[in-house]
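Report on the following structure.
Residue numbers (the working numbering), protein chains in the order written: chain A, 1 to 514; chain B, 1 to 365.
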């Protein structure tokens, strides 16, 4: 039996009222690859940040390589004991060379006074050779592809003599080929005696690379399994929890395809910008009085989908059909006149201008509405009255139109967004993206029941969420988005939760054409 | 519920009051630091300040004339800032506006009522075009509007110097244009007064923009683009258009400042006369926290300071540059909001420590 490298016992940490890690334990043996599996917000990254010394735990014990860690320690202490972390977003200086990035902060290993570029290059070269990483030390980091940048990060850790390598979602920014290369590299590092911990929410990766897997859910650890003794189905079930009964939605008899869709999204494409996933042919129908839930791991095209429907991101291909209209160029005004209300995922950045008042934020959404403005001059009386009515209807607190949005609670901020988007005249469809993220229980219920009330009034609702429970309880139909495509679309009752997890993780796929 | 309301209102009021207190403290601190300088220079600071403000108010017309320029050049900075743009090209825009007014005022023959209006519109157009260059370059090429604004100042200044020296030279002795026609002049407030009715045009602009910013769709969209471009664009605000428009407005206002001074004060364009008004406008806007109504107060304050400094120069032998130094100190203190705040906090902590001290002593004994 190999020795225990990392031992975390009953580690607890709270952020305000949220218990991010609730008596979580983790044991990693020397020289193994351990996966830390869980949905977004399950507490994986938090646990690793505690281990790395970035967060201070409230209780629990941590032993690194036989050293009992004090309650408060810094990343420098963890690094000294051979623990290092490759962050999800790389911390490299783009204008420096590979060698300069690697020795940065550890120049004394080469010389105490003067930095010799040749020596640094030579040192990096020998390191590359030892671990079989093909890197040229003189290349400028900014010109490298993501996969290579990641190798620079790994090499940086090895240069500091790491024994335990923590990788936070290492494959999210990589192409499939780069993922294969990474896994080959990780295995070779393992052979050289390095212990590896991978934080991930992708089932296939767990099965591919790890020896053992620790599954986390809602801040607790559920189970530790030998990878060879488990399968995707089992993991998915542990990760997302037990089947949730459909509490809100009673099953309708009518078939989707027989209904007249209010909106048909046909073959939507967008241009790729930076690292964000673009749309690569979305086909989706929205039906009156039905909730279509779009499930998927964050960063699979949800943001672009919302922005296309908002009108802020242009379509590069495809069209949006409604009635006998067919929209190719989607502008904000166009989408608004079509009757689409948008609840964006980030209410503080996309939903509201926080430094404006509640009234001004609501007014902002009613451009050239003759009720509130004449020749561009705002009719304060009618605007105040309208906003006052909305404040009452949506129970926004404090009940004042001139409260600045920055100083009201998250739940009330969301109510302002809801009030503005849902009270529009001629509304036909609502697009709600992560509508309850970060809200308290009361606000979650308010938001959900508001959406379901609209559904019963015949509104078409598109619910985008990475929370499977939310998708399952709210939706009539479920579509699963992955890599900018809808990979599955069925009646909610026809999906088992395991199946959704499999589609989301990419273990299963079927092309869907509307 | 009622408590919550009043508590929040109190908090907001407290913030606004604190802002005002910071401004006042900064001004006072600057006067203290200035006083130390005066002592070193060998003058009695109290006497000097007395002369400064007393003499300033003797020439009240001069204060109002200068204030007219500051009102407009201050607005020229304050409005673009609301949309997230910084109009650094005020210097060039003011001078270009002045030259335009001088040229139209001397070359065109128009009836008295219409002539100033034409001159003003011409100046506004030129100023708006100038500032739009910076805004468009930022939008299209991502170049900083501050840098392009500064560079444009140089370009404009030298072009104007050329124009006043050669094609439009109106005097054999100096680089200046011909005097504008009587029909183009804005009347003085009173016989022999330095100030003209241009003051009311400038004050009108302050009121107009206070209204636009708070009561119109345009103002709302402009502010929202400045606070949060993403959220604004989600509501259909064309944030790029807003940036350009706000800069064009800023340029137009700055040019108005130059035109008003030509039509109501100097009556001609004189090379190197229209300098520093643009930079002073930044100070005016900053002290006013970019509030169009507060600009009225800060423009008056800075104008008094400047006019007083001239009097000080004559009476007490303290250089005019003293006022510039004083202004520099005030601005430096104002742009470091944490400075005054940290002084506040330190005082508070000391007081707290003092209150605690005896308690600790009794506990230990």
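C-beta: ideal position from N, C-alpha, C; glycine also.
- Taking a Cβ-Cβ threshold of 7 Å, the residues of chain B close to residue 336 (chain A) are 236, in chain order.
- Per DSSP, residue 109 (chain B) lies in no beta strand (DSSP E) segment and is marked neither H nor E.
- Here the alpha carbon of residue 65 (chain B) sits roughly 12 Å from the alpha carbon of residue 203 (chain B).
- Sorting A:427, A:165 and A:231 by C-alpha distance to the C-alpha of residue 199 (chain A) places A:165 at the top.
- Cα atoms of residue 80 (chain B) and residue 281 (chain A): separation of roughly 41 Å, rounded to the nearest angstrom.
- Inter-residue distance for residue 278 (chain B) and residue 387 (chain A) is about 41 Å (C-alpha atoms, whole angstroms).
- Annotated three-state conformation of residue 89 (chain A) is coil, per DSSP.
- Runs of the beta strand (DSSP E) spanning 3 or more residues and lying entirely within the segment 350–437 of chain A occur at 429–433, in chain order.
- Per DSSP, the continuous alpha helix (DSSP H) segment holding residue 208 (chain B) begins and ends at 198–215.
- By the Cβ test, the segment 283–298 of chain A is in contact with the segment 474–483 of chain A, since at least three Cβ pairs between them sit closer than 8 Å.
- Shortest Cα-Cα distance from residue 261 (chain B) to any of B:78, B:304 and B:120 involves B:120.
- The secondary-structure analysis by DSSP pairs residue 293 (chain A) across a beta bridge with A:463 and A:478.
- Proximity of residue 228 (chain B) to chain A, defined by a Cβ-Cβ separation below 8 Å, is satisfied.
- Counting other Cβ atoms within 10 Å of its Cβ, residue 154 (chain B) stays below 16 and is therefore classed as exposed.
- Taking the C-beta atoms as reference points, residue 239 (chain B) is found nearer than 8 Å to residue 229 (chain B).
- For residue 24 (chain A), the secondary structure class from DSSP, reduced to helix, strand or coil, is strand.
- Of all alpha-carbon atoms in A:275, A:422 and A:45, the one lying nearest the alpha-carbon of residue 217 (chain A) is that of A:45.
- Flagged as an interface residue toward chain A: residue 217 (chain B), by a C-beta distance shorter than 8 Å.
- The beta carbon of residue 223 (chain B) sits closer than 8 Å to some beta carbon of chain A.
- One Cα belongs to residue 31 (chain B), the other to residue 89 (chain B), and the distance between them is close to 29 Å.
- According to the DSSP secondary-structure assignment, residue 176 (chain B) is paired through a beta bridge with B:270.
- Residue nearest to residue 174 (chain B) within the set B:164, B:183 and B:182 is B:164 (criterion: CA-CA distance).
- For residue 251 (chain B), same chain residues with a beta-carbon under 6 Å away, outside a window of 5 residues either side, are 93, 127, 128, 130 and 131 in chain order.
- Taking a cut-off of 8 Å on C-beta distances, the segment 218–225 of chain A touches the segment 10–28 of chain A, as three or more cross pairs fall below it.
- Annotation: the continuous alpha helix (DSSP H) that includes residue 46 (chain B) extends over 45–58.
- In this structure, residue 414 (chain A) keeps its C-beta atom at 8 Å or more from the C-beta atom of residue 465 (chain A).
- Taken atom to atom, the span from the alpha-carbon of residue 335 (chain A) to that of residue 341 (chain A) is near 9 Å.
- Going by DSSP, residue 485 (chain A) is part of the beta strand (DSSP E) stretching over 485–491.
- Close to chain B, meaning a Cβ-Cβ distance shorter than 9 Å, are the following residues of the segment 307–334 of chain A: 307, 310, 311, 312, 331, 332 and 333.
- Interface residue (Cβ-Cβ distance to chain B less than 8 Å): residue 377 (chain A) is classified as such.
- Between residue 343 (chain A) and residue 416 (chain A), the C-beta spacing is not below 8 Å.
- Closest in alpha carbon position to residue 323 (chain A), among A:92, A:428 and A:233, is A:428.
- Annotation: residue 390 (chain A) to residue 350 (chain A) spans about 21 Å, alpha carbon to alpha carbon.
- Under the DSSP assignment, residue 88 (chain B) falls outside any alpha helix (DSSP H); it carries neither an H nor an E label.
- Remark: C-beta atoms of residue 48 (chain B) and residue 304 (chain B) do not approach each other more closely than 8 Å.
- Listed along chain A, the residues sitting closer than 9 Å to residue 232 (chain B) by beta-carbon distance are 353 and 364.
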